[in-house]
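Per the numbering used here, residue 22 is the first one in the sequence shown, and the count goes up by one each step.
No residue lacks a Cβ here, since even glycine has one placed at the ideal position from N, Cα and C.
What follows is a single structure, written as structure tokens, with notes after it.
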Amino acid sequence: MKTFHNEAELGQIGKTVLMPGDPLRAKYIAENYLDEVFCYNRVRGMNGYTGYYKGQRVSVQGSGMGIPSMGIYAYELFNNYDVDNIIRIGTAGAIHKDVEVGDLIFAMGCCTNSNFPGQYHLPGTFAPIADFKLLEGAVGQARKDNARFHVGNVYSSDVFYEDLSGEKGVWAKMGVLVQEMETLSLYCTAARAGKHALSMLTAGSSIHSSAALTNEQREQSLDMMIRCALELAVA
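Structure follows, in structure tokens:
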């Protein structure tokens with residue numbers, strides 16, 4: 022069941038896939054958190070791995086950067102490889118004043134400037150949301166871990182370097198928590214396929230301060246997010 026972007030055979034990918042944007046982070050997770058790991062994909066450097074966490078089968082694969090790239094990989098995982106759940110584990114920039122660098126964010130809903138949902142030819146505006154069971158489980162796990170977290174809307178943008186400075190902050194007026202670049206296509210693709218998705222993010226920077234995670238802090242914060250996602254995957 023190989024595709025243009027994935028050389029895995031049918032059955033090599035678990036029912037739940039963790040998806041960081043960075044394929045090297047996927048490699049790091051596979052090597053440091055999973056047992057009996059094998060690499061099922063190397064196409065375009067977007068490595069994918071399957072292994073075991075606490076005795077249960079889990080896969081992890083990079084999505085690349087941006088709405089289109091996530092849309093491609095999520096579509097193929099859901100529709101070609103019969104994956105049931107995708108949990109995005111990524112970083113984001115805080116735009117709401119209550120979100121501090123290092124905080125964990127669960128994307129309950131998603132705003133966007135992208136026309137990605139236009140492909141569905143709906144007679145209105147589609148509002149992409151997380152799968153409630155995954156969201157509820159993630160909140161429970163974060164509370165168990167005593168992690169500082171937020172649940173709410175995120176802004177999924179097609180643009181990283183904006184021509185007009187200050188555009189990110191406008192979204193905070195509506196309570197939007199962070200800006201990132203992949204959640205929209207993940208949630209839309211899951212909805213269309215009748216599958217389940219959750220975007221789990223760590224705030225790596227903020228428009229309200231010059232603070233940013235150091236390498237050590239990033240490792241600690243991402244470790245908390247990764248372990249939360251893995252526990253959710255095998256719950």
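Cutting at 6 angstroms between CB atoms, please list the residues of its own chain near Glu57, excluding the five before and the five after it. Counting from one through the sequence shown, the residue named residue 57 turns up at place 36. For Glu57, where only same-chain residues beyond five positions count, the Cβ hits under 6 angstroms are Gly72, Tyr73.
Determine the direct distance from the alpha carbon of Val255 to that of Ile93, and round the result to whole angstroms. Here residue 93 corresponds to residue number 72 of the sequence shown, with the count starting at 1. Here residue 255 corresponds to residue number 234 of the sequence shown, with the count starting at 1. Straight-line Cα distance between these residues: approximately 25 angstroms.
Own chain partners of Met86 with C-beta closer than 8 angstroms, once the 5 adjacent residues on each side are dropped: Translated into positions along the sequence shown, residue 86 becomes position 65. Only Gly42, Met202, Glu203 meet the Cβ criterion.
Helix, strand or coil for Asp244 per DSSP? Within the sequence shown, residue 244 is the residue found at index 223, counting from 1. In this structure, Asp244 counts as helix in the three-state DSSP scheme.
Going along the chain, which unbroken runs of the beta strand (DSSP E) with 3 or more residues stay wholly within the region 54-129? 56-62, 69-74, 77-82, 106-115
Count the CB pairs spanning the region 179-197 and the region 128-145 that are closer than 8 angstroms, and state whether there are at least three. yes
If the criterion is Cβ atoms closer than 9 angstroms, does the pair Phe99 and Lys216 meet it? Stepping through the sequence shown from its first residue, residue 99 is reached at position 78. Stepping through the sequence shown from its first residue, residue 216 is reached at position 195. A contact, by the Cβ cut-off of 9 angstroms.
Using 9 angstroms as the threshold, is the C-beta distance between Gly2 and Met221 below it? Past the boundaries of the shown model lies residue 2; the chain is included only from 22 to 256, so the question cannot be answered.
Excluding the 5 residues preceding and the 5 following Glu28 in the sequence, name in chain order all residues of the same chain whose CB lies nearer than 8 angstroms to its CB. Numbered from its first residue, the sequence shown carries residue 28 at position 7. For Glu28, where only same-chain residues beyond five positions count, the Cβ hits under 8 angstroms are Tyr61, Asn62, Arg63, Val64.
Give the range of the alpha helix (DSSP H) segment to which Tyr208 is assigned. As a first step, residue 208 must be located in the sequence shown, where it is residue number 187. Start and end: 204-214.
As a quick exercise: from Leu207, Gly225, Ser227, Ser226, pick the residue whose alpha carbon is nearest that of Gly218. In the sequence shown, residue 218 corresponds to position 197, counting from 1. The sequence as given places Ala at residue 218; Gly does not occur at that position. Per the Cα distances, Leu207.
Here's the rule: buried if 16 or more other CB atoms are within 10 angstroms of the residue's CB, otherwise exposed. What is Pro144? Position 123 of the sequence shown, counting from 1, holds the residue named residue 144. So Pro144 ends up on the exposed side.
Three-state secondary structure (DSSP) of Glu252: The residue given as residue 252 occupies position 231 in the sequence shown. In this structure, Glu252 counts as helix in the three-state DSSP scheme.
Which residues DSSP lists as bridging Thr235, in chain order: Here residue 235 is taken as the residue at index 214 of the sequence shown, counted from 1. Looking at the DSSP assignment, Thr235 forms no beta bridge with any residue, so it has no partner.
Same chain, Cβ closer than 7 angstroms to Ala159, five either side skipped, listed in chain order: In the sequence shown, counting from the first residue as 1, residue 159 sits at position 138. These residues qualify, in order along the chain: Phe127, Leu219, Met221, Cys249, Leu253.
Whole-Å CB distance - Leu205 paired with Ser177, under 8 angstroms assumed: By one-based count along the sequence shown, residue 205 stands at place 184. By one-based count along the sequence shown, residue 177 stands at place 156. Leu205 to Ser177, Cβ: 4 angstroms. Contact.
Suppose only complete runs of 4+ residues qualify. What are the alpha helix (DSSP H) ranges in the region 152-199, listed by chain order? 153-165, 188-191
By alpha-carbon positions, which one of Ala148, Met22, Gly32, Gln82 ends up nearest to Pro44? As a working note, residue 44 is residue 23 in the sequence shown. Across the set Ala148, Met22, Gly32, Gln82, the C-alpha of Gln82 shows the shortest separation from the C-alpha of Pro44.
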